[in-house]
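Student: Residue numbers (the numbering used here): 13 to 226.
For glycine and all other residues, C-beta sits at the position ideal for the given N, C-alpha and C.
After the structure tokens below, expect a handful of questions from me.
Okay, structure coming up:
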């Protein structure tokens, strides 16, 4: 771990993710940006998710696990994970994606004066094989400096977001009747902006419980 670099926290919410979480954790642990912590909140998984994370904790002390006392849903669980992050920057992670190994390095170098930054993603199947389609083919992804146009397009996928801790402190708690990534994007767009980086930095997995396109 390079402590000369600003700490980046990765906030992850998990629920019954045992099938894919190992591959995602490996892609985060092996990032070219080395000063990280991984903060995971599990929403009462019924499979081996927690046991798998605990195995990773034995080898990687920068992984922190918290388990909800009761099933609370994705927004509350992500809010809890984000609120426990201590880094200067916070990245949001789904449990079943695969990150390009330079994702954090690229995004932290691109954020500049913006509150947040996000990137393109490649759609892959359950086995991680390309579906030859990216988010830019189905969403109007761009840099936003105004909240109203952002709400009209809603084109910021939360799983690619990197944001500043000082910004996060201004927008917590999340409104629980609104998608948390929509709230983050809206607030950033209306403040110092959310920047789009036109690079494909995440493989977004499509499977039986996580599908956005046919």
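According to DSSP, which residues form a beta bridge with residue 132?
Tutor: Here residue 132 refers to the residue found at position 120 of the chain shown. Paired residue(s): 212.
Student: Using the C-alpha atoms, what's the distance from residue 102 back to residue 54?
Tutor: Taking the chain shown and counting its residues from 1, the one referred to as residue 54 is at position 42. Taking the chain shown and counting its residues from 1, the one referred to as residue 102 is at position 90. Approximately 18 Å, taken between the alpha carbons.
Student: Throw me the rounded Cβ distance for the residue 35 and residue 110 pair, which I believe falls under 8 Å.
Tutor: Here residue 35 corresponds to residue number 23 of the chain shown, with the count starting at 1. Here residue 110 corresponds to residue number 98 of the chain shown, with the count starting at 1. About 6 Å separates the two Cβ atoms, so the contact holds.
Student: Might you give, ordered along the chain, the residues of its own chain that have their beta carbon closer than 6 Å to the beta carbon of residue 224, omitting 5 neighbours on each side?
Tutor: By one-based count along the chain shown, residue 224 stands at place 212. Low local confidence applies: a pLDDT of 35 at residue 224 is under 50, so the model's placement there is unreliable, and no value is given.
Student: For the stretch 35–92, which segments carrying the beta strand (DSSP E) assignment without a break, of at least 3 residues, lie completely within its bounds, in sequence order?
Tutor: Qualifying beta strand (DSSP E) stretches, in chain order: 48–54 and 75–79.
Student: Below 8 Å between beta carbons: does that hold for residue 107 and residue 24?
Tutor: Numbered from its first residue, the chain shown carries residue 107 at position 95. Numbered from its first residue, the chain shown carries residue 24 at position 12. Cβ atoms of residue 107 and residue 24: closer than 8 Å.
Student: Measuring straight from C-alpha to C-alpha, what distance separates residue 91 and residue 192?
Tutor: For this step, residue 91 is matched to residue 79 along the chain shown. For this step, residue 192 is matched to residue 180 along the chain shown. Approximately 8 Å, taken between the alpha carbons.
Student: Which of the three DSSP states, helix, strand or coil, is assigned to residue 184?
Tutor: Taking the first residue of the chain shown as position 1, residue 184 is located at position 172. Coil at residue 184, not helix or strand.
Student: With three or more C-beta pairs closer than 8 Å as the rule, is the stretch 194–209 touching the stretch 121–136?
Tutor: The stretch 121–136, when compared against the stretch 194–209, does touch it at the 8 Å Cβ threshold.
Student: What span of residues does the alpha helix (DSSP H) with residue 198 cover, start to end?
Tutor: Residue numbering aside, residue 198 sits at position 186 when the chain shown is read from its first letter. Per DSSP, residue 198 belongs to the alpha helix (DSSP H) from 192–201.
Student: Could you check what DSSP says for residue 126 in three-state terms: helix, strand or coil?
Tutor: On the chain shown, position 114 is the one that residue 126 refers to. Of the three classes helix, strand and coil, the one that applies to residue 126 here is coil, per DSSP.
Student: Residue 81 to residue 21, Cα distance in whole Å?
Tutor: In the chain shown, the residue the question calls residue 81 occupies position 69. In the chain shown, the residue the question calls residue 21 occupies position 9. Residue 81 and residue 21: Cα-Cα distance of roughly 23 Å.
Student: If you run the structure through DSSP and keep just helix, strand and coil, what is residue 143?
Tutor: As a working mapping, residue 143 is identified with position 131 in the chain shown. Note: residue 143 maps to strand in three-state DSSP.
Student: Which class does residue 189 belong to by DSSP, given the choice of helix, strand or coil?
Tutor: As a working note, residue 189 is residue 177 in the chain shown. Coil.
Student: Would the stretch 168–178 count as touching the stretch 55–75 if we require 3 or more Cβ pairs under 8 Å?
Tutor: The stretch 168–178 vs the stretch 55–75: no contact.
Student: Where does residue 115 fall in DSSP's three states?
Tutor: Translated into positions along the chain shown, residue 115 becomes position 103. Residue 115 falls in the helix class under three-state DSSP.
Student: Is there at least one non-hydrogen atom of the ligand GTP closer than 7 Å to the beta-carbon of residue 98?
Tutor: This structure does not include the ligand GTP; it has no bound ligands of any sort.
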